[in-house]
Each structure stands twice: as structure tokens, then as C-alpha cells.
Amino acid sequence: MMLITKGWFLLRKYILTIPRFDLFLQGALLIVVFLESNVYLLLRRNAGTGYLSSINEDWVKLGVGGAEFFLGAVVAWYGRGMRHFTLSAWLGATAISGLIVLAFPYPESGRPSVELCGGGEISAYSEHHMKNQSPEDSLLVPRTVVLIITAVLCALTKISVWAHGITYLDDHEPQSGPYFYGILISIRLSLGLSGQNWLRSGSVREDWWEAHVSLSMLTLMFCILFTLFPRKMEGYKEFEPIEYNCILKPIGRMLCNKPLMLQTVALSLLNTALFGYVNFDTATIQSKFHVETLRQDPRTARTIMDIFRSLVIIFFVSIFRMRFSGRRSDGVKSNTASKVGGITCVLVTAFFAVLAGLSCGTGEIAGFNGEYTQPGCSVGCECKSETYGFSPVCILNTSTTYFSPCHAGCREYEDLNGFLLFDNCACGPQRAVRGSCTLPSCWLVYNIYLVFFTLVLAATAASFLMQGIAILRAVPRRDKPIAIGVSFAIVGALSHVLGHFLYMVIGYLTCTYERDSICLFHDFSIWSVGAVSAALAITSGIVSIVASRYRPTPELLITSHEYS
Numbered sequence: 391m392m393l394i395t396k397g398w399f400l401l402r403k404y405i406l407t408i409p410r411f412d413l414f415l416q417g418a419l420l421i422v423v424f425l426e427s428n429v430y431l432l433l434r435r436n437a438g439t440g441y442l443s444s445i446n447e448d449w450v451k452l453g454v455g456g457a458e459f460f461l462g463a464v465v466a467w468y469g470r471g472m473r474h475f476t477l478s479a480w481l482g483a484t485a486i487s488g489l490i491v492l493a494f495p496y497p498e499s500g501r502p503s504v505e506l507c508g509g510g511e512i513s514a515y516s517e518h519h520m521k522n523q524s525p526e527d528s529l530l531v532p533r534t535v536v537l538i539i540t541a542v543l544c545a546l547t548k549i550s551v552w553a554h555g556i557t558y559l560d561d562h563e564p565q566s567g568p569y570f571y572g573i574l575i576s577i578r579l580s581l582g583l584s585g586q587n588w589l590r591s592g593s594v595r596e597d598w599w600e601a602h603v604s605l606s607m608l609t610l611m612f613c614i615l616f617t618l619f620p621r622k623m624e625g626y627k628e629f630e631p632i633e634y635n636c637i638l639k640p641i642g643r644m645l646c647n648k649p650l651m652l653q654t655v656a657l658s659l660l661n662t663a664l665f666g667y668v669n670f671d672t673a674t675i676q677s678k679f680h681v682e683t684l685r686q687d688p689r690t691a692r693t694i695m696d697i698f699r700s701l702v703i704i705f706f707v708s709i710f711r712m713r714f715s716g717r718r719s720d721g722v723k724s725n726t727a728s729k730v731g732g733i734t735c736v737l738v739t740a741f742f743a744v745l746a747g748l749s750c751g752t753g754e755i756a757g758f759n760g761e762y763t764q765p766g767c768s769v770g771c772e773c774k775s776e777t778y779g780f781s782p783v784c785i786l787n788t789s790t791t792y793f794s795p796c797h798a799g800c801r802e803y804e805d806l807n808g809f810l811l812f813d814n815c816a817c818g819p820q821r822a823v824r825g826s827c828t829l830p831s832c833w834l835v836y837n838i839y840l841v842f843f844t845l846v847l848a849a850t851a852a853s854f855l856m857q858g859i860a861i862l863r864a865v866p867r868r869d870k871p872i873a874i875g876v877s878f879a880i881v882g883a884l885s886h887v888l889g890h891f892l893y894m895v896i897g898y899l900t901c902t903y904e905r906d907s908i909c910l911f912h913d914f915s916i917w918s919v920g921a922v923s924a925a926l927a928i929t930s931g932i933v934s935i936v937a938s939r940y941r942p943t944p945e946l947l948i949t950s951h952e953y954s
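For what it's worth, the numbering used here labels the leading residue of the sequence shown as 391, then goes sequentially.
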């Protein structure tokens with residue numbers, strides 16, 4: 391017994407420390423984001439849309455945003471006295487829900503590959519052998535329900551990560567608040583955004599369950615790890631929390647806190663601007679540059695750029711983390727963080743404006759005249775473009791771009807180490823090649839676009855960092871969890887519901903080729919997505935700067951204790 395006691399003492403003293411809690415929190419956030427990404431990919435497979443997003447996925451996201459609005463404050467409020475256990479409980483619930491999905495296997499099916507005229511498969515587009523979609527899927531409804539529940543739990547668990555995890559760290563080392571917060575933001579916008587790209591191919595295979603069970607079990611592992619930590623560690627400054635039996639009073643106090651509410655609105659606007667644009671990144675590239683995005687053409691692959699993107703985001707955020715960590719014993723002030731966050735939004739706006747303006751002379755795609763109509767030369771090919779999306783080919787002798795090899799009427803192909811040549815095309819007497827006819831002339835502008843997209847993410851991450859710290863510093867220590875909960879609830883309503891719906895409307899208005907509620911291609915007016923994001927970003931900056939002019943007022947406190 392003495393040996394066990396001594397081992398537990400050493401574990402608590404040297405292993406279960408603040409740096410370890412921070413490390414586990416980073417891992418938990420990353421895994422939950424990956425699990426959420428995989429859930430949405432599995433929902434696409436449920437809908438039979440392969441890699442393509444449908445209107446049903448948008449409705450699910452609106453519902454998840456509504457759940458954040460109604461439950462965000464509740465998640466933060468209950469269990470705030472034992473934050474590590476509360477975080478552990480949410481991770482456990484998410485892991486269990488994710489594992490329940492395994493009880494509803496998919497029938498043998500996969501994402502149909504890009505096809506030739508007549509239905510022939512092109513091996514270069516296929517990551518693995520595909521089987522035809524089974525008409526019978528008796529588990530479709532229960533699987534969909536469990537996947538939606540898992541998506542909701544992932545969203546609420548992310549709120550717990552911020553409301554319970556980051557406040558746990560901030561209460562122990564407030565001078566390092568920007569450091570802790572910045573790492574989580576870096577993870578969310580660097581590796582987190584790559585989750586769907588990494589998990590996409592696995593989600594349509596027969597062994598889809600391997601990635602899903604791995605992510606669920608890792609979530610369960612972090613659930614167990616957080617239970618080992620104590621409620622407080624050495625260096626924790628005690629305060630006298632005043633408890634309320636009703637959640638409404640603290641919520642009302644938060645709603646009366648002007649700097650908190652203004653900063654929350656600013657954060658909602660910036661969140662809408664960024665993730666609204668990210669959702670249309672693929673559509674923008676396809677429309678402006680006629681570049682194939684869902685399958686990697688060797689000439690336009692983004693793998694190296696994705697790695698570069700993560701490094702740039704981490705480096706950019708690190709500058710702000712180091713600049714504003716350790717300067718004061720109680721951390722950076724709320725109004726200072728608001729001001730810096732607002733100024734950074736100006737930089738974000740400039741980058742969004744560049745993205746909106748970048749384009750090249752792509753010319754027309756055969757069949758597009760206001761709305762898309764399949765060329766008459768390939769009408770008899772029975773193309774199923776709604777299952778694989780934009781896969782352009784160029785007829786060499788006419789320099790005409792077609793939506794896909796099937797739409798060009800091509801019946802044969804030759805694979806030269808990933809460089810595809812198509813023969814026997816009904817829409818052209820000579821060979822066709824993979825990619826649009828303007829790909830060589832648009833290559834430079836396309837890569838400039840990728841650079842500025844990376845800069846948008848980096849600058850927005852820095853602004854997220856400062857605006858988030860402003861929210862933490864706008865309230866007393868005892869109110870940090872509920873402040874995070876109320877803020878995320880408002881973000882859920884303004885950004886994930888109203889904001890997402892705004893971009894849905896833009897997508898509907900700019901769509902020029904739609905099949906089965908799936909928009910396969912947008913017209914050039916998709917540039918308006920960048921313009922709207924720029925407008926939202928500059929508005930966020932203005933609101934954030936206005937918030938910096940307010941100081942937390944003593945009458946909003948529940949006691950006369952100082953702000954931390």
C-alpha cells in the first residue's frame with residue numbers, strides 16, 4: 391500500500407503537471423476535431439454523395455449550431471467546480487457515441503470513380519477497388535441518427551475544452567493564458583482543417599471503421615487521462631466562488647457585460663468570415679481556376695502547401711503568444727487584447743480582398759451558358775457526375791475544356807505515371823488530357839491564391855487568439871467558464887446558424903450546375919464569398935476596437951473582488 395501511495399505521489403508531482411494537462415488538452419481538441427470531420431464524411435457516405443457535400447449536411451450543421459446556442463451555457467455552467475472531471479465526462483460521452491456508430495455497418499459500397507463514356511472506370515482516379523452501391527441499407531436511419539448525435543456531442547465537447555480546459559490552465563498560470571490559448575487555436579486552424587483531406591479516402595472504404603474506432607478510442611483515452619488530474623495544483627490562487635441554484639442569474643450578468651458581449655459579437659463575425667470561406671474554398675478554386683480539387687492532379691497537388699500552411703500558422707500565432715505571455719502576473723488586459731485583435735482583423739480583411747480579386751482567364755467550359763447543360767456529343771454516355779464532381783479534361787485540337795472525361799465522350803485512356811491521355815472522344819477528333827486547357831496559364835495565379843489563403847488562416851488565428859483572451863479577461867475568475875459558455879452559445883447562433891445560412895444562400899445563388907441537391911459547379915460570381923468574408927472581417931475588427939474602449943464595470947461583479 392505504501393508503494394502505491396508513493397507511486398501516486400510521484401505521479402501527481404512530476405507527471406500530472408500543468409504542461410502535461412496542456413499537452414493532453416491539445417491532443418483532445420485535435421482528436422475531437424478529427425472525429426467530427428470523420429462523422430461528416432460518413433454522413434456524406436450515408437447520403438450516397440461520396441466526397442461531395444449535400445444540402446442535408448448543411449441542415450445538420452445548422453442543427454448543431456442550434457444545439458450550441460441552447461446548450462453552450464449549460465455545458466459550461468454545470469461541473470465548473472470540477473472542471474477536469476466535467477471535461478472528461480464530455481469526452482467519454484463523445485467516445486461512446488462514436489463507438490455506437492460501429493453497431494451500424496455500411497453495406498459493401500464505395501465512392502464511384504470518375505468514369506469514361508459508357509461507365510468504364512479510370513484507375514488513376516480510384517484510391518482502391520470500388521463496388522457498386524447496394525440498393526438495400528436497412529441501417530441507414532439509425533446510423534444517421536447516431537452520427538448526428540455524435541456530431542452534436544463533438545461540438546459540445548469542443549465548448550467544454552475551452553470552458554473547462556483552457557480556464558483550468560488560465561486559473562493556474564494566468565500570465566501564460568495567451569500561450570495556452572494560442573496553441574489550441576494553432577491546432578484548430580492548421581492540423582484541424584486538414585482532417586477531412588486525410589480521412590476522406592478512408593471514409594468510403596470497406597474498412598472505414600478502422601479510422602473511426604481509432605479516433606473514438608483516443609477520445610476515450612483522453613477521457614481517462616483527465617480524471618487523474620487534481621482539482622487544483624501548486625500555485626493555484628484560491629477565490630471564494632458564490633454559487634447560484636439558477637443558471638439564469640449568471641447568464642444575465644454576462645449579457646449585461648458590454649465588453650464581453652461586444653467581443654463575442656466580433657468573434658462571431660470573424661468566425662463566420664473564416665469558416666464560411668473555408669467551406670467554399672474548393673468551389674472557389676474550381677470556378678476561378680478550373681483546377682480539380684477533390685482528386686489530386688500531380689500538377690496541382692496541395693500536399694506540400696498544406697504542410698507549409700500548418701507551419702506558417704503555428705509560426706504566426708507563436709509571435710503573438712510570446713509577445714503577450716508573461717508580461718503581467720494576471721495576464722494581458724481585456725482592452726489590450728481587444729485592440730490588438732481588432733487591428734489584426736484589418737490584415738485579415740486585406741487578405742480576403744486579395745482572395746476575392748484573384749482570378750485568371752479560364753475561358754468557358756463546354757455546356758455552360760448561364761446554367762450547365764451536358765454537351766450533345768456525350769448525352770448518350772449516361773454520366774453520373776453527381777457522384778464524383780468536377781474532373782476537367784481538355785480536348786487538344788479545339789482547346790475546349792469539358793466537365794469530365796465522360797462529358798467529353800471519351801471511351802479510352804492511357805495512364806503515363808499519373809498523366810492521363812484520353813482517346814476515342816465523341817466531342818473531339820483528337821486526344822484529350824486531364825486538367826483544364828488553361829491550367830498552364832493559371833498555375834502561377836493558383837499558387838499565389840494558395841499563399842494568400844494560408845496568410846488568411848494565419849492572420850485570423852492570431853485575431854482569434856487575442857479576441858478569445860479578451861473574453862477571458864473581461865470577467866472575474868469565477869465567471870470564466872460561464873463567460874466562455876455564453877460566448878460560444880452566441881457564436882453558435884450568430885455564426886454557425888445565421889452565418890452558415892448566409893453562405894448557404896450565396897452558394898445557392900452562385901450555383902450553375904446542380905444535381906440531386908448537390909452543387910457540382912459555381913459560376914464566376916463565387917468571388918462574392920471572399921467579398922462577404924472581407925466585409926465581415928472588417929466589421930469584426932471595428933466591433934473589437936469598440937470593445938477595447940470599455941472596461942469591465944464593478945457593478946457587474948458579484949463581489950467587489952478584482953478582476954484577474
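Virtual Cβ for every residue (Gly too), placed ideally from N, Cα, C.
Asked, Found
"Could you check whether the segment 688 to 703 touches the segment 814 to 822, counting it as contact only if at least three pairs of C-beta atoms, one from each stretch, sit closer than 8 Å?", "no"
"Write down the C-beta distance between Leu419 and Pro795 rounded to the nearest angstrom, noting that I regard them as a contact closer than 8 Å.", "Contact doesn't hold; Cβ gap of about 41 Å is too wide."
"Mind listing, in chain order, the continuous alpha helix (DSSP H) runs of no fewer than 4 residues lying wholly within the segment 687 to 717?", "693 to 714"
"Give the straight-line distance between the Cα atoms of Asn865 and Gly747, rounded to the nearest whole angstrom.", "Sequence check: residue 865 is Val here, not Asn. Their Cα atoms are separated by approximately 41 Å."
"What does the alpha-carbon distance come out to for the pair Tyr441 and Ser591?", "8 Å"
"Since Tyr558 is in the alpha helix (DSSP H), which residue starts that stretch and which ends it?", "Thr557 to His562"
"Identify every run of the beta strand (DSSP E) within the segment 797 to 874, keeping only runs that are complete inside it and at least 3 residues long; order them along the chain.", "800 to 806, 809 to 815 and 822 to 824"
"Taking just the CA atoms, how far does Thr828 sit from Ile486?", "49 Å"
"Pull up the CB-CB distance for Cys544 and Glu426, whole angstroms please, since I reckon it's below 8 Å.", "4 Å"
"Any chance the segment 643 to 656 sits against the segment 860 to 874, with 3 or more Cβ pairs inside 8 Å?", "yes"
"Starting from the C-beta of Tyr940, find all residues in its chain whose C-beta is less than 8 Å away, skip the five residues before and the five after it, and write them out in chain order.", "Lys648, Pro649, Leu652 and Asn725"
"Helix, strand or coil for Cys646? Go by DSSP, reduced to three states.", "coil"
"Who are the Cβ neighbours of Gly771 in its own chain at under 7 Å, not counting the five residues just before and after it?", "Note that residue 771 corresponds to Cys in the displayed sequence, not to Gly. Within the same chain, Cys771 has close Cβ partners Cys507, Gly508, Cys796 and Gly799."
"Can you tell me which of the three DSSP states Asn787 falls into?", "coil"
"Give the secondary structure of Ile935 by DSSP, where H, G and I count as helix, E and B as strand, and everything else as coil.", "helix"
"Run through DSSP, which three-state label would His474 get?", "helix"
"Which class does Ile596 belong to by DSSP, given the choice of helix, strand or coil?", "Here residue 596 is Glu; the residue named in the question, Ile, does not match the sequence. In the structure shown, Glu596 sits in coil (DSSP, three-state: anything other than H, G, I, E or B)."
"Once DSSP output is grouped into helix, strand and coil, what is the label at Thr683?", "coil"
"Helix, strand or coil, according to DSSP, for Leu910 in the structure here?", "strand"
"Check the C-beta distance from Gly666 over to Ser923 and give it rounded, since I have them as a contact under 8 Å.", "6 Å"
"Return no unless some Cβ of chain D is closer than 8 Å to the Cβ of Ala663.", "Annotation note: the requested chain D is absent from the structure, which comprises a single protein chain."
"The alpha helix (DSSP H) with Cys735 in it runs from where to where?", "Ser724 to Gly747"
"Taking all protein chains shown into account, decide if His519 is buried (16 or more other Cβ within 10 angstroms of its Cβ) or exposed.", "Annotation note: pLDDT 44 at His519 (below 50); position unreliable, no value reported."
"Hey, quick one: how far does the alpha helix (DSSP H) through Thr547 stretch, first residue to last?", "Leu530 to Ser550"
"Following the continuous beta strand (DSSP E) through Thr902, name the residue where it begins and the one where it ends.", "Cys901 to Arg905"
"Could you check what DSSP says for Glu458 in three-state terms: helix, strand or coil?", "helix"
"May I ask you to report which of helix, strand or coil DSSP gives Tyr898?", "helix"
"Rounding to the nearest angstrom, what Cα-Cα distance links Arg578 and Thr788 in this structure?", "45 Å"
"What number of angstroms, rounded off, separates the C-alpha of Phe494 from the C-alpha of Gly582?", "27 Å"
"Since I believe Leu684 is in contact with Phe843 (beta carbons under 8 Å), could you give me their beta-carbon distance rounded to a whole number of angstroms?", "Contact doesn't hold; Cβ gap of about 17 Å is too wide."
"Are the CB atoms of Leu845 and Phe741 nearer to each other than 8 Å?", "yes"
"Quick one, are the C-beta atoms of Ala852 and Val707 less than 8 Å apart?", "yes"
"From which residue to which residue does the alpha helix (DSSP H) around Ile421 run?", "Ile408 to Ala437"
"Please say whether Thr609 and Gly958 have beta carbons closer to each other than 8 Å?", "Absent from the structure is residue 958, since the part of the chain shown begins at 391 and ends at 954."
"By alpha-carbon positions, which one of Leu786, His890, Ile785 and Thr540 ends up nearest to Trp449?", "His890"
"Can you tell me where the alpha helix (DSSP H) holding Leu579 begins and where it ends?", "Gly567 to Leu579"
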